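Below is one structure, written out as structure tokens; the observations come after it.
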Amino acid sequence: MRLLAILWTTIKNIVNNWRLELSLLLGLSMGVGIVTAIPIYSSGSLQDAFLRRWLASSDGRPPYSVMVSHWSRRGGPEITLEQYYELDEYLHENIEDLIGLEHIYYSEAGGLGINRIEPVREDLEPPESPYADISFMKGLQERTRLIDGRWYSTEVSEDEVIETVVDVETLEALNLLVGEEYIYWYPAPQGELSDIPVKLRVVGVFRTPDEYLNHPEWIYAPPFDHTFFVDKEVFLKELAGKRNLTDANWDWNWIFDHQSVRVHQLPELASALAKLETNVAQIMPETRLWNSPQRIFEYFSETARGIALFLGALSVPILGMVFYYIILTASLTVSRRRNEVAMLRSRGASAFQVVLSFLVEWLMLGGVAFVIGPFIGLFIARVMGASAGFLSFVDRRALPVSIVPDAYRYGAIAVGVSVLACLIPVIGASRFSIVTFKQEVVRSQRKPLWERFLLDFILLGTSFYGYRTLTQQRLIMTLQTQSSREALALLMDPMLFFVPVIFLLGAGLFVLRIFPYIMHFLSWITGPFRGVSWTLTTKQLARNARQYTPLLLLLIVTVALGIYSAAAARTLSRNFEDRIMYAIGADAVLTEQWSLPTAGDPDDFFSLFGGGDEDSRPPEPLVFEPPFYVHEDLPGVKAAARVLTRNVNIQVGGNFRGQGQMMAIVPREFADVAWFRHDLTPIHYYHYLNLLTRYSEGALISNEFMEENHLNPGDWITLMLKNQPIDVFIVAGIDLWPTLYPEAGTIVVTNLQHVQQVTTLEPYAIWLKMESGASLIDAVDSLREQGIWVSSVTDSRLQIVEGRREPHRMGFFGILSIGFLVSVVVTIMGFFLYTFLSLRARMLHFGVLRAIGLSVRQLISMLALEQVFSLGLGLIVGTLLGRLISNVFLPFLEQTSEFKEAIPQFMIVIEAQDLQKIYVVLLSMLLVGVLALAVVLFRMRLAQAVKIGEEV
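Quick note on numbering: the sequence shown equals residues 677 to 1628 in the working numbering.
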């Protein structure tokens, strides 16, 4: 009965405070959802890649094939038939339990090994290769068709001749005859000199029908060459048992459904396969798993673990905000019910009983959050799979995600930690009786704990130390070799998100420390202003500044973290795309077939196909140039350009000065097609193209080469292309040019027409600028229809899309987008909740103001100004801090393995449209909040509050 009473009291408390309890439930559910989304996403994002890699590594066999093999060797450990039976029994009893699935197919085989054979009759022609094996195989009769004779007997004849059947391939290869007898010479055991003869009689010949040639149940695929097949019982009882021919090979093969394997199961499956291999080797030495998927299981389980750790680190700031919101909501709940708590303490309830009542109440909410949270996590994981940038989502195929066991494990931990944290304000409130509580209320407010212990300065100092650590890591990575940098497994260091968040918290708390002084200054500035609303608003903010600090901190962190997340996502996305575009140069690049064999002697037609005299040489290739205008009219193509890229030797004054990369272009075409970032050249690249247009023999050359050789614009140099001189003069110096890298040699850009005039015709590439959404396949098909054959295609758009699908990158963009959206939701919920409770607490104040003559419109104006001042300050401070940490911490991204020494140079990107998204969301929140305040204010019973003199 006592338990029922506690539950009933708890339910009544939840119903009476349903708004606060609902807010707390939403916070708990979001926390559980974010925590559970990480293992769900890390498993689902790798599922397709895992299956593709697994299928590719299966060598044509069914992927989930667990094959246990024992291969005997001369001088190896002696194997007994009892060991075979023990291993066979162990496998059949345990393998499905270890794997966790029921098998689809099972097959088994055994053999004595390939040894010498000879016919019994001396008049029979011996085979050219007189070697064969004696084997048995499960399912042989079911999957083959007998074409001559009969199947072998399951018993050994009285003359101890063993009946066998052979494949057609074996029959022909060994010159066998049905009904004839042959001797198989089993190698002599150690210590003996003569081999052991095994007399065989061929009683039948079979062939494998076409429909069974690739059947997955075959342990070894047909045709079966040089093999005599016998009955399994004859093999075991007669050969291995009675004759003790145990130096044999044994194979068991189980096939399971690979489609049912999920990435989150891989650690257990890899461990099970390792255990299986250990156990079978203990039962029968030199037995192992053949073509086991254990390694690929371990690889993807490690990859999934790395993604989970990476996303977990990135989600810590988000979880911190949700955690802060949960504690804030719990504090508001306890604050509203402090009268009730004090009354219970005065009536004899112990502090433990008070804490226990709240614990039961919030455990019920936690239980609900634990149930619905994983489904929120499932939705978040799907959204992460559709992310293509910060707050950018595409309609790609949904990830094959499902709720994994780790999700419930992490969800339970999140609920437990959150509920325990919520009890902190309860413990503080349970110390007061009704008398001590009233005394505490009338006392002047003490400074909050964080302000007394200088937490803001501690956090700022910690963030400075983190910044120094990142700086040192940057210096160390600069000195590392390329191979060690490539060993970095993660896309970036999670410290890049820990340290900025610590700085944000420290800076935000410091702003809250000086917030009262700012409000006093604002009150002094606006004192001369006319209007009651201005005066009352500034006085309220100055006298009760700490009332707004919890919401203000939430807003500052939300805005700043949103700006930093947007800048980080935009920076990584832009630099990744720029790296691909620089390497390719345009939307697409086509390489076409330019050569055909020459006609040679018209009378010698067969010379085209390698005929003719022995002294005749292969025909020289005939190079022809496809018409260029065709490319400009291709479907989906905006513009096309001819680009010739070759390695050349550079001479100055007839002396060799090094090797270079020559790009020959048509400037007008290149301007319409090429990708070019503004910082690749000090001035717009059109200026350089105009110089090439003006001077047909002009060339752009690397500034470094000009400095080393003391060259200036106007000086002549010679480019040697296949021993053909190309004289050009320098019109300007450059450092970078699309597709050309300085470490590969000096960069030289010149005119294609000039190169073609002084050299033999060289095949050039076609660069294309595509219309948005246009398919390159249509353009290639159109060229083929016109007789132009494309030998290779490079599509930068496809590479960018494939890169965005990489699990680390999708997860990174997704967690940043989800994190910002969650922080906005938390801020909005905190704003409404805090504002509503603040209004309830100030009803007497508003009632007095109404009684002395203020209109409802003036009250609404006062509240609106409060929100504008407080939230406006949060927006301004959050924006400044967000841009500050973006400029301070984002340069460290350049030191990651993905962007280290990348060309073009790493660039920090802060897009105005991202800031607009953040401001639109938060300003919409402010507008809706003011409207909600107006509605609540109209509905409040202010006159009744004045009569009662208390809060209502």
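Think of the CB as a built atom: it goes at the ideal place given N, C-alpha and C, for glycine as much as any other residue. These numbers come from a predicted model, not from an experiment.
Between the alpha carbons of residue i and residue j, how many angstroms are there, rounded?
| i | j | result |
| --- | --- | --- |
| Tyr760 | Tyr717 | 44 Å |
| Arg1072 | Arg1481 | 9 Å |
| Ala1183 | Tyr1193 | 16 Å |
| Val1059 | Tyr1001 | 23 Å |
| Val758 | Leu777 | Going by the sequence as given, residue 758 is Glu instead of Val. Distance between the alpha carbons of Glu758 and Leu777: 28 Å. |
| Pro1483 | Ile1079 | 18 Å |
| Ser991 | Ile710 | 8 Å |
| Gln1337 | Leu1560 | 41 Å |
| Glu839 | Asn851 | 17 Å |
| Pro1580 | Ala1264 | 19 Å |
| Thr884 | Pro738 | 19 Å |
| Phe1614 | Val1532 | 7 Å |
| Ala1527 | Leu704 | 42 Å |
| Thr1005 | Asp1254 | 45 Å |
| Thr820 | Tyr888 | 8 Å |
| Trp966 | Ser1468 | 39 Å |
| Ile1256 | Gln1543 | 47 Å |
| Val1177 | Ser1537 | 35 Å |
| Leu995 | Leu1135 | 18 Å |
| Asp933 | Ser734 | 14 Å |
| Ile1476 | Ser1199 | 54 Å |
| Glu1373 | Ile1326 | 15 Å |
| Arg695 | Ala1045 | 16 Å |
| Asp927 | Glu868 | 28 Å |
| Pro672 | Ser811 | The first residue shown for the chain is 677 and the last is 1628, placing residue 672 beyond what the model contains. |
| Leu1530 | Asn1220 | 21 Å |
How is the beta strand (DSSP E) around residue i delimited, first residue to last?
| i | result |
| --- | --- |
| His746 | Ser741 to His746 |
| Arg1322 | Val1313 to Val1328 |
| Asn1331 | Asn1331 to Ile1341 |
| Leu1266 | Ala1264 to Glu1268 |
| Glu1482 | Unbroken run through Glu1482: none, as it is neither H nor E. |
| Arg819 | From DSSP, Arg819 is part of no beta strand (DSSP E); its letter is neither H nor E. |
Using the three-state DSSP reduction, which class does residue i fall into: helix, strand or coil?
| i | result |
| --- | --- |
| Pro1050 | helix |
| Ile715 | Looking at the sequence provided, one finds Pro at residue 715 rather than Ile. Here Pro715 sits in helix by DSSP. |
| Pro1414 | coil |
| Tyr828 | coil |
| Asp1348 | helix |
| Phe932 | coil |
| Ala883 | A quick correction: the sequence has Arg, not Ala, at residue 883. Of the three classes helix, strand and coil, the one that applies to Arg883 here is strand, per DSSP. |
| Gly787 | strand |
| Ala1088 | helix |
| Lys908 | helix |
| Gln840 | Correcting the residue type first, residue 840 is Thr in the shown sequence and not Gln. In the structure shown, Thr840 sits in a strand (DSSP, three-state: E or B). |
| Gly1374 | strand |
| Met1583 | coil |
| Gly1065 | strand |
| Asp927 | strand |
| Leu1690 | This structure leaves residue 1690 out entirely; the chain is present only between 677 and 1628. |
| Phe900 | coil |
| Asp809 | strand |
| Ile872 | strand |
| Thr1394 | strand |
Can you name the start and end residues of the alpha helix (DSSP H) that residue i belongs to?
| i | result |
| --- | --- |
| Lys951 | Leu942 to Ile959 |
| Ile1552 | Val1532 to Phe1565 |
| Trp730 | Gln723 to Ala732 |
message: Could you check whether the segment 1459-1467 touches the segment 1020-1030, counting it as contact only if at least three pairs of C-beta atoms, one from each stretch, sit closer than 8 Å?
response: no
- prompt: Taking only runs of the alpha helix (DSSP H) that begin and end inside the segment 1396-1456, which ones reach a length of at least 4 residues, in chain order?
  reply: 1428-1434
message: Across the segment 786-795 and the segment 764-774, are there enough close Cβ pairs to call them in contact, namely three or more that are closer than 8 Å?
response: no
At least three beta-carbon pairs within less than 8 Å, the segment 1483-1498 to the segment 1339-1346: no
query: Can at least three beta-carbon pairs, one atom from the segment 1311-1321 and one from the segment 1448-1455, be found at a separation below 8 Å?
result: yes
field: Whole alpha helix (DSSP H) elements within the segment 1455-1509, 4-residue minimum
entry: 1472-1480
message: For the pair the segment 1213-1233 and the segment 1544-1553, tell me if three or more CB-CB distances fall below 8 Å.
response: yes
task: Pair every Cβ in the segment 1236-1256 with every Cβ in the segment 1417-1424, then say whether three or more of these pairs are closer than 8 Å.
output: no
query: Taking one C-beta from the segment 711-730 and one from the segment 974-984 each time, how about it: are there three or more such pairs within less than 8 Å?
result: yes
task: Take every Cβ of the segment 845-861, pair it with every Cβ of the segment 913-930, and state whether three or more of those distances are shorter than 8 Å.
output: no
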